[in-house]
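S.K.: Submitted below is the structure of interest, expressed as structure tokens.
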Amino acid sequence: MRKLLLQMQMSIDGYVVDMDGSMDWMVWSYGNDWAWDTKLRQYHTNLMASIDCVLLSRKMAVQGFNDHWATLAQRSDNPQSHFAKSLTNAHKVVFTKTLTRSIWNNNTLAKGELVDEILALKQVPGKNIIAFGGAGFASSLIKSGLVDEFHLIVNPVVLGEGLSPFKEINSSLNLNLVEAIPYSRGIVVLKYSK
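Using the numbering used here, the first residue of the sequence shown is number 49, and each one after it goes up by one.
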């Protein structure tokens, strides 16, 4: 059975956006200036090589996720192009109750119950599945017990308040630390499994 990996950038105190909804505090905030070092880029490239399916929330999908990465995938001079190609080529599943048609190639809309849809995806032969989304989408995945591995990219900042994927979790979730890797610019990648 395939695993569901959740990857999120967050602050030291566990927030994924600040109170204004900004992600400008991230060392890499998904813009054209990819400030990660070579080793962190390689970690991310290896992670993306282990998946062939990307789960997205509707909000992330309509905010230009695929268009942004498709543009970067075409620019071989950009250090993000390999990562962008992995994202663009992967099958994407957009979880939505409101979209009525697919907005890109190589994607499907998941309109059923979250747990049922993901359990069915895990049964499909292939590589692992990775989820990208905001605090609400991530919280739903965590609360439902669907996440098999957490890949947390911890940025060297404390926000004090904001949105956290763990806020709605109402019982403890014991995890096993697989690895903790420090990188330059103060980022630490924490990988946990259930």
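Heads up, the beta-carbon is just placed ideally off N, CA and C, and yes, glycines get one too.
1) Do Leu54 and Val195 have their C-beta atoms within less than 7 angstroms of each other?
2) Tell me, please, which residues DSSP counts as bridged to Phe198.
3) Is the CB-CB distance between Leu157 and Leu147 below 7 angstroms?
4) Just verifying my parser: in three-state terms, what is the DSSP assignment at Ser105?
5) At a cut of 8 angstroms, does the stretch 200–220 reach the stretch 169–176 through at least three beta carbon pairs?
6) Between the alpha carbons of Arg50 and Gly234, how many angstroms are there, rounded?
7) Between the stretch 85–98 and the stretch 212–222, can you find at least three pairs of beta-carbon atoms closer than 8 angstroms?
8) For Lys133, which of Leu52, Gly182, Cys101 has the nearest alpha-carbon?
9) Could you compute how far the alpha carbon of Val64 sits from the alpha carbon of Phe185?
10) If we call anything under 7 angstroms between Cβ atoms a contact, is Ser192 one with Glu216?
11) Among Ala97, Leu95, Pro230, Glu197, which one has its Cα closest to the Cα of Asp85?
12) Since Phe198 and Leu162 are thought to touch, with beta carbons under 8 angstroms apart, how far apart are those beta carbons, to the nearest angstrom?
13) From which residue to which residue does the beta strand (DSSP E) around Leu147 run?
14) Expressed to the nearest angstrom, what Euclidean distance is found between the alpha-carbon atoms of Arg106 and Gly181?
M.R.: By the coordinates alone:
1) Yes, Cβ-Cβ distance for Leu54 and Val195 is below 7 angstroms.
2) Looking at the DSSP assignment, Phe198 forms a beta bridge with Leu54, Tyr240.
3) Yes, the pair counts as a contact, with Cβ atoms nearer than the cut-off.
4) If DSSP states are grouped into helix, strand and coil, Ser105 belongs with the strands.
5) Segments in contact, no.
6) If you take the alpha carbons of Arg50 and Gly234, they lie about 32 angstroms apart.
7) The stretch 212–222, when compared against the stretch 85–98, does not touch it at the 8 angstroms Cβ threshold.
8) The shortest C-alpha to C-alpha distance from Lys133 to any of Leu52, Gly182, Cys101 is the one to Cys101.
9) Using only the alpha carbons, I get a separation of about 12 angstroms.
10) Not a contact, by the Cβ cut-off of 7 angstroms.
11) When only C-alpha atoms are compared, the closest one is Pro230.
12) Your pair Phe198 and Leu162 does not check out as a contact, with CB atoms roughly 18 angstroms apart and the cut at 8 angstroms.
13) Looking at the DSSP string, Leu147 is not in any beta strand (DSSP E), and its letter there is neither H nor E.
14) Cα-Cα distance, rounded: 9 angstroms.
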